[in-house]
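Asker: Per the working numbering, numbering through the sequence shown is continuous, rising by one, with the last residue being 351. In this text, a Cβ means the ideal position worked out from N, Cα and C, and glycines have one as well. Structure provided below as C-alpha cells; questions to follow.
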Amino acid sequence: MSSPPPTPGIHHVTCIAGNPQENLDFWVETMGLRLVKRSINQDDPETYHFFFADAEGTPGTSMTFFPWEDMRQGKVGSGQVSRTAFRVPEGSLDYWEARFDEYGVPYEERVERFGNGAGTASENASGDAPRAETVLPFEDPDGLPVELVETEIPDDDPVVPWTEFVPAEHAIRGFHSVTLWVADTEPTMELLETMGLERVGSEQSPDDTPGDERTRFAAAGSVGKYVDVLPTIAGGRQGHGTVHHVAFQTPTDDHQSAMRDAVRSRGLSPTGQIDRHWFRSVYFREHGGVLFELATSDPGYDSDEPLSDLGGRLVLPGEFESRRDEIEAGLPDVTVPSSQPSDQ
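In C-alpha cells, the structure reads:
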C-alpha cells in the first residue's frame with residue numbers, strides 16, 4: 008500500500024489528574040498555559056476535561072486532563088508515555104527554576120541530551136539530526152513527569168504564547184516531545200516510521216532508564232515533532248500522574264483515513280472515527296501498549312466559543328447540552344485563575 012501523508016507531530020497529550028482545582032491552578036497560573044476548553048470527559052460525563060494550550064489552541068500545544076479524584080496514584084512503566092516535554096525559548100530555564108522555587112514545584116537538575124558525544128545522529132530530509140539541548144525535569148501536583156526543553160524559536164513559529172502569567176520571552180511554546188517506555192522497542196519504532204516520523208539519532212540515557220538507549224524520531228512539522236523511545240520492563244499502572252494517551256496530528260479526514268489504513272497494515276486494530284466535537288479521532292494501542300490517537304485539525308477549540316472567551320464556560324458538546332443541569336450538579340465547583348482583580 009502507499010504511504011500515508013506523514014504526521015506533522017503531536018496534536019495533544021491527555022493525562023490523569025486528581026483534584027481539579029489544583030490542576031487548574033498549576034497549569035494556568037504556575038505554568039502559564041491558557042485554559043482553552045472547560046468541558047467533560049465524553050466517555051465519563053461526571054468528570055471534567057480541561058484543555059490547556061497556547062493563546063489560540065494551536066494543534067501541538069494542548070495538554071489535557073481528566074481529573075478523576077477517586078482514582079489511585081499511578082506509576083509510570085512500560086507501555087506508557089513516561090515524560091512529556093514542552094518547548095521554551097533559549098535562555099529561559101533560569102526563569103523557570105526561580106518560578107518553581109517560588110511556587111514550590113519539585114524539579115531536578117538540568118540534563119544535557121544529544122550533546123555529549125555519547126550517541127549517534129543522522130539527518131533526515133529536513134536536516135533534523137538531534138541538536139544538543141538542555142532539559143529541566145519537574146513534576147506537576149499529581150507527580151506527572153514533565154520537562155522543559157530550551158529551543159530556538161523561529162520567527163515564523165505557529166505558536167501564539169499566552170502571557171497572562173508568564174512573559175512571552177519565557178512562555179511555553181507547545182510540545183517538544185514525548186518519551187515512550189516500551190518493553191520491545193523495534194515494533195514501536197517501525198510503527199513510528201510508518202506514521203512518517205524519521206529516526207534521527209540515539210544516545211545512552213542515564214537520566215531516564217539508566218544504561219539504555221534513547222532513540223529519537225522526528226515528525227514533519229515544527230511543534231511537537233519529536234518522539235523518543237526507550238526500552239524498559241518496569242511495571243506501571245494508570246492513575247494520577249500518568250499519561251492516558253498521546254494524539255498525533257492527521258490534519259484532514261483523508262489524511263486520517265490513510266493513516267488508519269497504514270496502522271491496520273501493521274497488524275493493529277484502530278477504532279472507527281469518533282467525533283470529539285473539536286476534532287475527529289481514531290484510537291489504537293501500539294505494539295508496546297501505549298494508547299495512540301489520530302486527531303484532525305478542525306473544527307478547533309474556537310468552533311463553539313469566540314477566541315477571546317475560550318475556557319470561560321463549561322462547554323457540553325452534542326447531546327450532553329440537554330443534560331446540563333444534571334451534569335453541572337455532579338461536578339465540583341472550580342475557579343479559573345486570573346491575573347485580573349475580581350469584581351466582587
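Going by alpha carbons, who is nearest to P161 out of P213, S209, L31 and R180?
Answerer: Ranking the options by Cα distance to P161, first place goes to R180.
Asker: Looking at the structure shown, is I23 part of a helix, part of a strand, or coil, going by DSSP?
Answerer: Looking at I23 - three-state DSSP - the assignment turns out to be strand.
Asker: Compare the beta carbon distance of S184 and T91 with 9 angstroms and say whether it is the shorter of the two.
Answerer: It is a contact, given that the beta carbons lie within the stated cut-off.
Asker: Going by C-alpha distance, which of I334, F145, V118 and P96 is nearest D214?
Answerer: Checking every option, the nearest Cα to that of D214 belongs to V118.
Asker: Once the 5 residues before and after L321 are set aside, which same chain residues still bring their CB inside 6 angstroms of it?
Answerer: Hits under 6 angstroms: R45.
Asker: Can you tell me where the beta strand (DSSP E) holding H294 begins and where it ends?
Answerer: Note, H294: premise wrong, no beta strand (DSSP E); not H, not E.
Asker: Let me confirm a value: G353 is counted as buried when at least 16 other C-beta atoms fall within 10 Å, else exposed. Which label applies?
Answerer: No information on residue 353 is available, as it lies outside the stretch 8 to 351 that the chain covers here.
Asker: Using a threshold of 9 angstroms, state whether the C-beta atoms of W285 and S310 are closer than that.
Answerer: Contact: yes.
Asker: Mind reading off the beta-carbon distance from Y344 to P27? Whole number of angstroms is fine, and I expect it under 8 angstroms.
Answerer: Correcting the residue identity first, residue 344 is Pro in this sequence and not Tyr. Rounded, the Cβ-Cβ distance is 13 angstroms, inconsistent with contact.
Asker: By how many angstroms is the C-alpha of F57 removed from the C-alpha of A78?
Answerer: For clarity, residue 78 is Met in the given sequence; the question names Ala instead. Computed Cα separation, rounded: 17 angstroms.
Asker: If you draw a straight line from the alpha carbon of A128 to that of S209, how long is it in whole angstroms?
Answerer: Per-residue confidence for A128 stands at a pLDDT of 49, beneath the threshold of 50, marking its modelled position as unreliable; the derived number appears in the next sentence. C-alpha separation (whole angstroms): 6 angstroms.
Asker: Roughly how far, in whole angstroms, is the beta-carbon of H251 from the beta-carbon of L187, given that I think they are within contact range, below 8 angstroms?
Answerer: Wrong, their Cβ atoms sit about 14 angstroms apart, outside the cutoff.
Asker: Between E146 and the rest of its own chain, which residues show a CB-CB distance below 8 angstroms, the 5 nearest in sequence each way excluded?
Answerer: Within the same chain, E146 has close Cβ partners V112, P113, Y114, P152, V153 and G248.
Asker: In chain order, what residues of the same chain lie with their CB nearer than 6 angstroms to the CB of Q245, ignoring the 5 residues before and after it?
Answerer: So the qualifying residues of the chain are G81.
Asker: E63 and V167: beta carbons closer than 9 angstroms?
Answerer: Yes, Cβ-Cβ distance for E63 and V167 is below 9 angstroms.
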